[in-house]
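Written out below as structure tokens is the structure these notes cover.
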Amino acid sequence: MTEPQKGRRSFKLPSTMESVAEVEAAAEKLAQEAGLDEDEGFRVVMAVREATVNAVLHGNGYDPNKQVSVSFENNGKSLVITVADQGEGLDPEKIPDPLAPENLLRGTGRGIFLIRSFLDEVHFRQLNPGTELTLVKHLTPAETKNASQDLDTK
Amino acid sequence: MALSIATRQLDGVTILDLSGRITLGEGSVQLRDAIRDLISKGEKHILLSLGDVNYIDSSGLGELVSAFTTAKNQNADVKLLNLTKKVKDVLQVTKLYTVFDIYDDEAHAIGSFK
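The following block contains the structure:
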């Protein structure tokens, strides 16, 4: 893992469940430092975990030759997290709606929906190869103040 | 923290007291195996007590749904008890809150199987 650089941390990890746990721990730290309350923190961490599971499992298929690239940034107004894989790509338009009656009792297919539900913005970008998800959580004025105070004391 | 499962019987209901996380790689498979084991033994009334489950992901949700549908296919019932706020939040967002029978009181939940 690389050292933090000007408020932005980025790292490349192997396609394993251990990497998922590592990214989840980093997301918890980001949410805590941003001053998110427990509920909002949980939602951010869960969304990041789901995105990372997708990258490791569905994108890279646990391939030891493929990596997951993750970055975390608190720019004072928002938390911006990117998760990229090296898989065959994902078309978000083709993801079935898990709330549709015919899909409600399916055992899979809720990960992207949860990410979209729990964050303010989700953007997909096709890479060659792979997919990059950008997850954005807007900070409230109080949280923005916390972020500023954190920066002031560093 | 991985998932731990303790099983007990009360008034004809098998109660699984779950504690920890129900996530991919940490509890989903354990839950699946436990439910399948009970159903294969002919258990019809299964209550999942989730008061100590502090985290569930989409994989864990999938296991709860699979438990529900597997039970239904065998004329059995899987119901939920004591959801934590986080689990309730996720079930509501995914509309699964409307699928399951959910209780806050164990005696009430047990009585509902009769």
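Those protein sequences? They're chains A and B, same order as listed.
The first sequence begins at 1 in my numbering and counts up by one.
The second sequence begins at 155 in my numbering and counts up by one.
In this text, a Cβ means the ideal position worked out from N, Cα and C, and glycines have one as well.
Inset, instruction - With a cut-off of 8 Å on the beta carbons, I'd call B/L235 and B/A263 a contact; round off their distance for me. - result: That belief holds up - the Cβ atoms of B/L235 and B/A263 are roughly 5 Å apart, short of 8 Å.
Legend entry - Option nearest A/S117 by Cα separation, candidates A/T131, A/S69, A/A51: Just measuring C-alpha positions, the residue of A/T131, A/S69, A/A51 sitting nearest A/S117 is A/A51.
Inset, instruction - Measuring only between beta-carbons, confirm whether A/E3 sits less than 8 Å from chain B. - result: In this prediction, A/E3 has a pLDDT of 41, which is less than 50 and means its spatial position is unreliable; nothing more can be read from the coordinates.
Legend entry - Nonlocal neighbours in the same chain, by C-beta distance under 6 Å from A/R9, ignoring five residues either side: If we look at A/R9 and ignore the five residues flanking it on each side, its Cβ neighbours are F72.
Legend entry - Nearest-angstrom Cα separation, counted from A/F11 out to A/Q5: In this prediction, A/Q5 has a pLDDT of 39, which is less than 50 and means its spatial position is unreliable; nothing more can be read from the coordinates.
Legend entry - Contacts around B/Q184, its chain only, beta-carbon distance under 7 Å, and the 5 residues preceding and following it disregarded: L157, I159.
Inset, instruction - Identify the contact partners of A/R125 in chain B, using a Cβ-Cβ distance below 8 Å as the criterion. - result: The contact set of A/R125 on chain B, defined by CB atoms closer than 8 Å, is empty, because the minimum CB distance reaches about 22 Å.
Legend entry - Rounded C-alpha distance that separates B/S173 from B/H199: Near 20 Å, if we compare the C-alpha coordinates of B/H199 and B/S173.
Legend entry - A/D120 burial status per 10 Å Cβ neighbour count (16 or more: buried): Burial is judged here by how many other beta carbons sit within 10 angstroms of a residue's own beta carbon; A/D120 has fewer than 16 and is exposed.
Legend entry - Rounded straight-line distance, which links the Cα of A/D85 to that of B/E283: A query on residue 283 of chain B cannot be resolved here, the shown segment of chain B reaching from 155 to 268 and no further.
Inset, instruction - Please go through the same chain and pick out, in chain order, the residues whose beta-carbon is closer than 7 Å to the beta-carbon of A/D150, but skip the five residues on each side of it. - result: Because A/D150 carries a pLDDT of 49, less than 50, the predicted location of this residue cannot be relied on, and the following value inherits that uncertainty. Counting only Cβ-Cβ distances below 7 Å, and skipping sequence neighbours, we find E33.
Inset, instruction - Identify every run of the alpha helix (DSSP H) within the region 193-242 of chain B, keeping only runs that are complete inside it and at least 4 residues long; order them along the chain. - result: Correct list: 212-227.
Inset, instruction - Could you tell me whether the region 59-77 of chain A touches the region 127-143 of chain A, using the rule of 3 or more Cβ pairs below 8 Å? - result: The region 59-77 of chain A vs the region 127-143 of chain A: in contact.
Inset, instruction - Put A/Q149 into one of helix, strand or coil per three-state DSSP. - result: Below a pLDDT of 50, predicted positions are generally treated as unreliable, and A/Q149, at 47, falls in that range; the measurement from the model is reported next regardless. In this structure, A/Q149 counts as helix in the three-state DSSP scheme.
Inset, instruction - Using DSSP bridges, identify the partner residues of A/F124. - result: Note: A/F124 sits in a beta bridge opposite A/L133.
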